[in-house]
Structures are given as structure tokens and as C-alpha cells.
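Novice: One structure is given below, represented as C-alpha cells, and several questions about it will come after.
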Amino acid sequence: MNQLQNFSHKQFGELPIIQINNKDYFGATEVAEALGYANPHDAISKHCLESGVAFHEVTDSMDRTQQKKFINEGNLYRLIVKSRLPAATQFESWVFDDVLPTLRQTGQYGGPRVLSDEEQRIESLKLTLQTAEQQRKMQNVLFDHEKQIDELSQKVDEQITLDSGEQRRFQKVVARRVYSITEGKEEAARLFREIHREIKDRFGVASYKDIKRRELLSAIKYIENWIPRKVS
């Protein structure tokens, strides 16, 4: 015997459920509206299989008998999957983690039974959706971790100064520039002092050894184009 029950949710409103041939059927229009479809009738026609649609007589608030459309679990999942409503997953949890367990704990549907082919497909789809959701959450966690690692690596790179090989390379560039200007020993010494002083001022360091690795090429280019204030 078919028995209609109504469940209420603060966010999703009323959800009528009926069992037909030992299968749960849900109020089609209420489901589509709860999932945010602008045109519930069109959504039901477009996404639901006819084999999972049933009609049942109900009495409305004005005590009138009407034929109401219900959908099975397979069609319910199809509407959930196609919904763009952010809360669709929350609606799914409410129905399958709260509403249906409450119904089945009453004992009115009998004891455990073997799942039909359709119910097995539904359970498989539920598992697929749950697995996809878990994978999405895991991907988000991995993305956040990778982002944090990248940010940390960038901060570390920004603080690394020249190693011994880079310091020698820098010194050679300085020497090459100085001796391209003068060959005099005293004048070269003055130019070395001047160029090192300007390097410290330009890059804000106490010594050329403190230049950041990421600034090495800029420092080399600066030296190659450096012009002393005075050449004797």
C-alpha cells in the first residue's frame, strides 16, 4: 500500500515521498525547485527518464484530488548531478543521510531486501558521486599545499645571496670593467672603490657578497654599463 509522507527542511522546503512497488519516489516539482531549477517542469522533462517517473493521487491544501508527478532515486540523482546550485550536495546529504534513513527506521517498508538492478545502478552512481567529491576535496588540499610550497620557495629564493662561484663571476666582471677604463694601478684602485661603493648603494647591501642571487644579472648589467664619475 502506498503511503505519502512529507519532510520539511528550512532551506529546501517540503519534500513529499511515497513508496511505489517497494521503491522510494520523490515529489518531482519539489526536488527540481529545491535544486534551483528556474523551470522545474522543463528540467524534469529534460533530465529524467520516463521509466523512473510515476503519478499518484494526492489531496492539495484545498482538499482537491490531483495527479502528482513523482520520480525515483535514479532521476533524483540525475537532477542533482545536472544542478548548478552550490547547495546541491547538501540537498543530497539531507535526503540520503536524514530523510530516507528516518523513513526506513520506522519498519513500514519491511526488512532487508535484495537490491533491484535499478537500485544497484543508483547505489553505484551514489558511490561515484561521493568518490568524485572526495577527489575534488583532495585536489583542493593538494593545490593549497603546492601553493604554500611555491610561496615558501619564492620567499627562500628571494633571500638567497651569491655563492662563491657567483661572487667570483661578479669580481671578474668588475675587474674587466675597471681595466677597460684604465691600466694605471692607482686609478684602478680608485675605480674599484668607487664601483663597489655604488653597487652597495644601488642594491642596498653592505658588501657585494650580500647581493641577492635573483639580482645578479641586474648587477652584472649595471657594471658592464657603469661609467665612473671621474677618469684621470
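By the numbering used here, the letter at position 66 of the sequence shown is numbered 622, and the numbering carries on one by one without gaps. Note that the Cβ used here is the ideal one computed from N, Cα and C, for glycine as well. Because the structure is a prediction, the values reported are computed rather than measured.
1. Return the first residue and the last residue of the alpha helix (DSSP H) that Ala584 is part of.
2. Could you give the uninterrupted runs of the alpha helix (DSSP H) lying entirely in the stretch 608–661, keeping only those of 4 residues or more?
3. At 3 residues or longer, and completely inside the stretch 692–748: list those beta strand (DSSP E) runs for me, N to C.
4. Considering only their Cβ atoms, is the gap separating Leu635 from Ala688 smaller than 8 Å?
5. What would DSSP say about Phe759, mapped onto helix, strand or coil?
6. Ala775 to Leu698, Cα distance in whole Å?
7. Under 8 Å: do the stretch 592–600 and the stretch 625–644 share three or more Cβ pairs, one atom per stretch?
8. Across which residues does DSSP place Asp580 in a beta bridge pair?
9. I'd like to know whether the C-beta atoms of Glu586 and Glu570 end up nearer to each other than 8 Å.
10. Of the choices Ile737, Glu674 and Ile705, whose alpha-carbon is the least far from that of Asn628?
11. Tell me whether Glu648 is buried or exposed, calling it buried when 16 or more other Cβ atoms sit within 10 Å of its Cβ.
12. Tell me the rounded alpha-carbon separation between Gly663 and Ile573.
13. Classify Gln676 as helix, strand or coil using the three-state DSSP reduction.
14. Please name the residue in Tyr778, Ile783, Phe563 and Arg769 whose C-alpha comes closest to that of Val655.
15. Just checking my contact of Leu659 with Val614 at CB under 8 Å: how many whole Å lie between their CB atoms?
16. Sorted by chain position, which residues of the same chain lie with C-beta nearer than 7 Å to Phe759's C-beta, five sequence neighbours on each side aside?
17. By DSSP's criteria, His565 is part of a beta bridge. Which residues make up the other side?
18. Who are the Cβ neighbours of Val761 in its own chain at under 7 Å, not counting the five residues just before and after it?
19. Roughly how many whole angstroms lie between the Cα atoms of His565 and Ile600?
Specialist: If we stick to the structure as given:
1. Ala584 to Ala590
2. 629–638, 644–650 and 656–660
3. Fully enclosed beta strand (DSSP E) runs of 3 or longer: not present.
4. With a cutoff of 8 Å on beta-carbon distance, Ala688 and Leu635 are scored as not near each other.
5. helix
6. 38 Å
7. yes
8. Gln575
9. yes
10. Glu674 is the residue among Ile737, Glu674 and Ile705 whose C-alpha sits nearest the C-alpha of Asn628.
11. Around the C-beta of Glu648, 16 or more other C-beta atoms lie within 10 Å, and the residue is accordingly described as buried.
12. With a pLDDT of 42 at Gly663, under the threshold of 50, the modelled position of that residue is not reliable, and no figure is offered here.
13. Three-state result, Gln676: helix.
14. Phe563
15. Contact doesn't hold; Cβ gap of about 17 Å is too wide.
16. For Phe759, where only same-chain residues beyond five positions count, the Cβ hits under 7 Å are Ile767, Glu771 and Ala775.
17. Gly569
18. Ile767
19. Roughly 21 Å separates the two Cα atoms.
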